[in-house]
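Comments concern the structure below.
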Amino acid sequence: MYEKKMAIPRQVFDFHGLLKLCNNTHHLKSLYSLLNVHGLNKTHNHFPGEFLRSCFHLGSSDLALSVFRRIENPRLSFQNLMIRSLSHYGLYDDVLGVFHHCRLLNCSFDDFTFPSVIKACTAMNEIRVGKELHCVVLRNGFVENSVIQTCLVDFYAKVGFVKSARDVFDKMSEPDLVCSNALISGYSLNGFDSEAVEVFRGVFVAGLKPNLSTLACMVPVCTRLGWTEIGKSLHCFAVKFGYFSNDFLVAAFISMYVGNNDLCNARNLFDSVVLQKNITVWNAMISAYTQMESPMEAFVMFRSALRDEKQPNLITFVSVIPSCANLSSLLFGESIHALAIKQGLSNQVSVMTALLSMYSKLGDINSASYIFHKMLTRTRLSWNSMISGYVYNGLWELSLDAFSEMQFAGFDPDEVSIVSILSACSKLEAILIGKSVHAFCFRKGFESRLNVSNSLLGFYSSCHKISSSLNLFNQMPFRNTISWNTLISVCIHNQETETAANVLSQMQKERLELDPVTLISILPSFSEKKDLGRGMAIHCYAVKTGFSQDVSLVNSLISMYCNCGDLDTAKLLFESMPEKSLVSWNAMMTGFRQHSLHKEIMVSFGEMTRDGKRPNHITLLNLLPACFSRLQGKSVHGFAVRRGIIKETTIVTSLIIMYARFNDLRLCHSLFQMGEKEDISLWNAIMSAHVQTQNTKKAIKFFFNLLNLGLEPDNLTILSLISACVHLNGLKLANSITAYTISKGFDKEVTITNALIDLYARSGNISMARKLFNRLKGKDDVSWSVMINGYGLHGDGKSALDLFTKMEFSGIKPNGVTYSTILSACSHSGLAKEGCRVFNSMAQHGILPRAEHYACLVDLLARTGNLTEAYEIVEGLPFKPSTSTLEAVLGGCSIHGNVLVAEKICTKLSEWDPQNSTPYVLLHNIYAANGRWNDAEKMRCEIGKRRLRKIVGFSFFLNDD
1 MYEKKMAIPR QVFDFHGLLK LCNNTHHLKS LYSLLNVHGL NKTHNHFPGE FLRSCFHLGS
61 SDLALSVFRR IENPRLSFQN LMIRSLSHYG LYDDVLGVFH HCRLLNCSFD DFTFPSVIKA
121 CTAMNEIRVG KELHCVVLRN GFVENSVIQT CLVDFYAKVG FVKSARDVFD KMSEPDLVCS
181 NALISGYSLN GFDSEAVEVF RGVFVAGLKP NLSTLACMVP VCTRLGWTEI GKSLHCFAVK
241 FGYFSNDFLV AAFISMYVGN NDLCNARNLF DSVVLQKNIT VWNAMISAYT QMESPMEAFV
301 MFRSALRDEK QPNLITFVSV IPSCANLSSL LFGESIHALA IKQGLSNQVS VMTALLSMYS
361 KLGDINSASY IFHKMLTRTR LSWNSMISGY VYNGLWELSL DAFSEMQFAG FDPDEVSIVS
421 ILSACSKLEA ILIGKSVHAF CFRKGFESRL NVSNSLLGFY SSCHKISSSL NLFNQMPFRN
481 TISWNTLISV CIHNQETETA ANVLSQMQKE RLELDPVTLI SILPSFSEKK DLGRGMAIHC
541 YAVKTGFSQD VSLVNSLISM YCNCGDLDTA KLLFESMPEK SLVSWNAMMT GFRQHSLHKE
601 IMVSFGEMTR DGKRPNHITL LNLLPACFSR LQGKSVHGFA VRRGIIKETT IVTSLIIMYA
661 RFNDLRLCHS LFQMGEKEDI SLWNAIMSAH VQTQNTKKAI KFFFNLLNLG LEPDNLTILS
721 LISACVHLNG LKLANSITAY TISKGFDKEV TITNALIDLY ARSGNISMAR KLFNRLKGKD
781 DVSWSVMING YGLHGDGKSA LDLFTKMEFS GIKPNGVTYS TILSACSHSG LAKEGCRVFN
841 SMAQHGILPR AEHYACLVDL LARTGNLTEA YEIVEGLPFK PSTSTLEAVL GGCSIHGNVL
901 VAEKICTKLS EWDPQNSTPY VLLHNIYAAN GRWNDAEKMR CEIGKRRLRK IVGFSFFLND
961 D
């Protein structure tokens, strides 16, 4: 019948009627062929437009495109029809194709052409094409068109160029509500919530009435800003103007209350929906419980929706699947997976992607990979989930491979891909790849996105590239608190504490809110006593802003007070915590360890276990140095084995050091054999153990072994090697070590050169020690102290004093150790006058003399025969003098024959330690040396009466094996 009608003569051809008869694509193709044969498509001017409409009406966009491309000079109306229809059906790629085709034909455009093409650029994220289109609009004089301006605002906002969106918006003579909504949506989408609020206020100022779209954009903004009261006002506004019947808006308000941790109001809102609840509302509540990390409640809600005979959709599964990961339940996840298969949704890309992500987070990366490779259609989100899954499970190389495969598959990375891959680059310290990613971001315009910029900052931080971080930070058009916090962390991580303080100061000048992360980031920079004031200022700010209840911040404050030497305040802060975490206990125990309060560590450990906290490897690292017996250390060792913590290299090395304290080299070797031989810290520990137990030749042997394995030594390795050489006291070996350190560049490290100076000084080559000292750049107080001590060991007190004077002139302030070394040098050289002058100068530098300084001074005076002055100092000490100090005075009395002082010292020593025979023997010898034989005999009788025995002398030699 249809074919008969098609055979109508040309004179009576009614193409309008035939078009009405066409009800499928086959009919349309037949009609188009017939018209081509008869040439009617050229004689009827309106035919192409009507035919194209019919094509789109019957869903044959391919035929419409084919017909349109055959038209030699398409009318403007046909162009607009094609572009508008393709845009209506979401065929944005074809929209751009048609537009480029028309441009090549030099077709004209009007106001109706550009909105749909700009919309296509927005949907396809075609930034370059969109910018070119903006130029075309400007060149053709369409810039004043409000519809085009609105589309441009929407385009720039959605592709992340919010500054450009704002520029277009500001140039509009009278921006309407649609344009304002587009800008608010853009600000909200890109995280510029304050700017979104400003535009929202402008809507009211302009006398415009917010509509459903306005509220839908503003509700998430209120959620992120934590503006619960304003959100409630919007809730009331929606109810008042009848917008609340919209299911999407109800779901948005549920999300808002959840975002403000108000799950109660969210549930009340859900329960207040009297009419039949749409699945969208159920999905919002399921998602709310998932976001609030209440996975069991999310499952209950999911089950209730099923009982209410609601058909779960894609959103339902996507909302409930993450709860399986939160529950850490593979069984629940597999059950949801099975239900998705039953509902016929398991092959949907969004559901498969959610399942992929769930399996990744549950550690079942094989199932995640299986789902990914079974996906017939992969989206960019699927690739991102797979890349993130590899990163989450520490498979950094596989994540880089997946990132490359994604691009070969035709998917350009987006900001989510970039953030994930930068995390992998950070872990691998893959600087070249990370820089390539940075270049890609710059080329694609992603660098202006805050989360990408912040990830780049984090990457450069992990790779210790502080200059790159600072340059990037200064070039960022927008910065949020995360940006500033990241930069502060970069500076602290690279020990640029002054730069970190300057960044914090600049942050405050720009009136940015400091959050707990900011405070936690800056606190590690306060690690010395002089920093205590600034640390206390941060504490005051935390109390003022209410952050002092944050457990992580309190833990950081405890560590700060411990590092700055204020252990009492740290203890007070710790004890005032209502709920202590494991980190809290570890922070306090670390403070005790830093101050060598081993008993307090043990007490804290007992309290921690009674509090129900299970120790981790940090706890054991604090506990091992506090062990006062080998048996106690073995108990900790056994606990580490039971908990599986023994695999940690830090635990193995700490155990080696602990056993070395108790001279158990057998267990040290056993632990070394089970450790990771590729880790240099393990070799450092075993070398240190041998040096500590004076098996120095074996320590050097281990050094040669690690070199044979191809391992690169670090600073600690070299320091252990030098310590071993000090014990052996061999100049030939010292020269070899020095040559090695210079060839490897270790001599640039001040600590290494200080150790070499000490090595040569103790080995007898003081001239070589001085040469190393002279060529050292950036001398610290240790450098001067070591060199002064070297002169003291050689009895060259004059050179030691000259060097001490030069130290003062150099601007380096002497510390307590420096004063101990110079006083000891004066004592060995018999420079009593100079030594007293040095001792008296301590007060000028604000250093309070300690027991070791008084001991050096007393020894100096005793050696030089100033025994009366020495005794007066002993009598005037603000603390009880040590036995060795009194014996030093007694030794001076023996040399100089001062019986009177010797008797007084002997009386004190006998009172403090009645069983010590040394003072009696020395006094007996002093009496005998002065010819007081009767007193000497009396002293001998006293020794016999008290049944004291002189310690028998002995000699020993070291076994060189």
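By the UniProt record's numbering, the letter at position 53 of the sequence shown is numbered 53, and the numbering carries on one by one without gaps.
Built from N, CA and C at the ideal position, the CB exists for glycine as well.
The model shown is predicted, which means the values in this text are computed figures rather than measured ones.
Secondary structure of residue i, DSSP reduced to three states
{"i": "residue 743", "result": "helix"}
{"i": "residue 330", "result": "helix"}
{"i": "residue 173", "result": "coil"}
{"i": "residue 344", "result": "coil"}
{"i": "residue 40", "result": "Its pLDDT being 45, under 50, residue 40 is placed unreliably by the model, and the measurement read from it follows with that caveat. Of the three classes helix, strand and coil, the one that applies to residue 40 here is helix, per DSSP."}
{"i": "residue 227", "result": "coil"}
{"i": "residue 847", "result": "coil"}
{"i": "residue 1041", "result": "The first residue shown for the chain is 1 and the last is 961, placing residue 1041 beyond what the model contains."}
{"i": "residue 488", "result": "helix"}
{"i": "residue 989", "result": "Past the edges of the chain, shown from 1 to 961, lies residue 989, and the structure says nothing about it."}
{"i": "residue 10", "result": "Here residue 10 scores only 44 on pLDDT, less than 50, and its place in the model should not be relied on; the value that follows carries that caveat. It is helical."}
Limits of the unbroken alpha helix (DSSP H) element including residue i
{"i": "residue 454", "result": "450-462"}
{"i": "residue 692", "result": "680-692"}
{"i": "residue 407", "result": "396-408"}
{"i": "residue 787", "result": "781-793"}
{"i": "residue 856", "result": "851-863"}
{"i": "residue 1036", "result": "With the chain covering only 1 through 961, there is no way to say anything about residue 1036."}
{"i": "residue 722", "result": "715-728"}
{"i": "residue 76", "result": "76-88"}
{"i": "residue 598", "result": "598-610"}
{"i": "residue 353", "result": "349-361"}
{"i": "residue 652", "result": "649-661"}
{"i": "residue 440", "result": "431-444"}
{"i": "residue 115", "result": "114-124"}
{"i": "residue 808", "result": "797-810"}
{"i": "residue 199", "result": "193-205"}
{"i": "residue 620", "result": "617-623"}
Where residue i falls, given that 16 or more other Cβ within 10 Å makes a residue buried
{"i": "residue 674", "result": "exposed"}
{"i": "residue 795", "result": "exposed"}
{"i": "residue 444", "result": "buried"}
{"i": "residue 130", "result": "buried"}
{"i": "residue 397", "result": "exposed"}
{"i": "residue 205", "result": "exposed"}
{"i": "residue 509", "result": "exposed"}
{"i": "residue 543", "result": "exposed"}
{"i": "residue 593", "result": "buried"}
{"i": "residue 586", "result": "buried"}
{"i": "residue 42", "result": "Since pLDDT at residue 42 reaches only 49, below the 50 mark, its modelled position is unreliable, and no value is offered."}
{"i": "residue 941", "result": "exposed"}
{"i": "residue 682", "result": "buried"}
{"i": "residue 300", "result": "exposed"}
{"i": "residue 291", "result": "buried"}
{"i": "residue 442", "result": "exposed"}
Interface flag, residue i vs chain C, CB-CB below 8 Å
{"i": "residue 237", "result": "The structure shown contains no chain C, having only a single protein chain."}
Cβ-heavy atom distance, residue i to the ligand MG, below 7 Å
{"i": "residue 157", "result": "Among the ligands in the structure shown, none appear at all, so the ligand MG cannot be discussed."}
### Query
So, do the segment 215-233 and the segment 481-488 have three or more beta carbon pairs nearer to each other than 8 Å?
no
#### Entry: Three CB pairs or more closer than 8 Å across the segment 587-601 and the segment 619-636
yes
### Task
Return the chain-ordered ranges of every alpha helix (DSSP H) run that is complete within the segment 512-570 and spans a minimum of 4 residues.
516-522, 532-545 and 551-563
### Task
Just list the beta strand (DSSP E) runs in the UniProt repeat "PPR" (278-312), keeping only unbroken ones of 3 residues or longer that don't cross its boundaries, in chain order.
none
### Query
Should the segment 711-731 be called in touch with the segment 686-700, which here means at least 3 C-beta pairs below 8 Å?
yes
### Query
Can we say the segment 832-842 touches the segment 872-883, given the rule of at least three CB pairs closer than 8 Å?
no
### Message
Contact between the segment 429-448 and the segment 170-180 is defined here as three or more beta-carbon pairs at a separation below 8 Å; is this criterion met?
### Response
no
### Task
Examine the Cβ distances between the segment 357-368 and the segment 383-399 and report whether three or more of them are shorter than 8 Å.
yes
### Query
Counting pairs of beta carbons, one from the segment 637-644 and one from the segment 674-683, are three or more of them closer than 8 Å?
no
### Message
Pairs of beta-carbons, one from the segment 769-778 and one from the segment 807-822, closer than 8 Å: are there three or more?
### Response
no
### Message
Whether or not the segment 855-863 and the segment 885-897 are in contact is what I'm after, with contact meaning three or more pairs of Cβ atoms, one per stretch, closer than 8 Å; do they touch?
### Response
yes
### Task
Kindly confirm or deny that the segment 102-116 and the segment 136-152 touch, where touching means at least three C-beta pairs closer than 8 Å.
yes
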